[in-house]
Amino acid sequence: IYPNSDSSAEAEVQRLTAELNSIISGYVLQNPDHWYWVHRRWKTRPS
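In terms of the working numbering, the sequence shown is residues 2 to 48.
Pasting the structure below:
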C-alpha cells in the first residue's frame with residue numbers, strides 16, 4: 002500500500018484505511034478460525 006502524493010492528506014487517510022481494512026478482511030474471511038478480536042472497540046454498551 003502506497004500513498005498518493007497527488008491527493009489531499011485527508012483523502013489519502015480515508016483511502017489507505019479502506020484499503021488496509023479490505024486486506025485484513027480478506028485474511029479474516031480466508032481463515033476465520035485464526036481471528037480473535039481483543040480490543041474493546043465499543044466503549045459503551047446498548048441498554
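We treat Cβ as the ideally placed atom computed from N, Cα and C, and that holds for glycine. Quick caveat, the model's predicted, so the values are computed rather than measured.
Out of Tyr3, Arg41, Asp7, state which residue places its alpha-carbon closest to the alpha-carbon of Thr18. Tyr3
If you draw a straight line from the alpha carbon of Leu21 to that of Thr45, how long is it in whole angstroms? 26 Å
Please report how far the alpha carbon of Arg41 lies from the alpha carbon of Asn5, in whole angstroms. 32 Å
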